[in-house]
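Let me begin by presenting the structure, written as structure tokens, before commenting on it.
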Amino acid sequence: MEEPKLGKEKKEEQVISLGPQVAEGENVFGVCHIFASFNDTFVHVTDLSGKETICRVTGGMKVKADRDESSPYAAMLAAQDVAQRTKTPGPGAQSALRALARSGMKIGRIEDVTPIPSDSTRRKGGRRGRRL
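What the sequence shown shows, in full-length UniProt numbering, is residues 1 to 132, in sequence order.
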């Protein structure tokens, strides 16, 4: 019998799954947290308890320019990336939801948890404001 050559061995490819182990066609429930501020958009997918992070992508990870981090385009790219990995002060929340729905995720409930200040503390500078 012939011995196999050392350089020609076939290696088995192992697929690394970051999400839960699921049978084909089975639905997995998760919570998608979308934080859309004026400066950036976060799309964060966790399990139902919120303790285990499945995937987290920001708008800044998808675009080069700092001014585009909170844009709807960056939010759409971030949501598409999250959907691929897992299978309204800010303008990015609507686009992120739209991209998640188009990628085949079933949306059960939409809840906006973006913190919006109703009033804030007095800014520094005094009564007449900052003078240059």
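Heads up, the beta-carbon is just placed ideally off N, CA and C, and yes, glycines get one too.
Values in this document were obtained by computation on a predicted structure and should not be read as measured data.
Review point. In three-state terms, what does DSSP make of Gly104?
Key: In the structure shown, the three-state DSSP call for Gly104 is coil.
Review point. Taking C-alpha atoms, which residue in Arg128, Ala65, Ala99 and Gly50 lies nearest to Ala78?
Key: Ranking the options by Cα distance to Ala78, first place goes to Ala99.
Check your understanding: Would you say the stretch 53–65 touches the stretch 103–111, given that touching needs at least three Cβ pairs under 8 Å?
Key -> With fewer than three CB-CB distances shorter than 8 Å, the stretch 53–65 does not count as touching the stretch 103–111.
Point to revise | As assigned by DSSP and simplified to three states, the class of Leu97 | key: The three-state secondary structure of Leu97, taken from DSSP, is helix.
Exercise for review: Compute the beta-carbon to beta-carbon distance between Ser71 and Gly92, rounded to the nearest angstrom, for a pair I have assumed lies under 8 Å.
Suggested key: Right, the Cβ-Cβ distance comes to about 7 Å (below 8 Å), so this counts as a contact.
Check your understanding: Can you pull the DSSP bridge partners for Arg56?
Key -> Partner(s): His44.
Check your understanding: With respect to the beta strand (DSSP E) encompassing Phe35, which residues constitute its N-terminal and C-terminal limits?
Key -> Counting along the chain, the beta strand (DSSP E) containing Phe35 begins and ends at Val31 to Ala36.
Practice item. Can you grab the Cα-Cα spacing for the pair Gly126 / Ser120, in whole Å? Key: Across the structure, Gly126 and Ser120 are spaced so that their CA atoms are roughly 15 Å apart.
Practice item. Report whether the distance from the Cβ of Arg127 to the nearest heavy atom of the ligand GDP is below 7 Å. Key: The ligand content of the structure shown is nil, which means the ligand GDP is not present either.
Point to revise | Thr53 classed as buried or exposed, judged by whether at least 16 other C-beta atoms fall within 10 angstroms | key: The residue is exposed, with fewer than 16 neighbouring Cβ atoms inside 10 Å.
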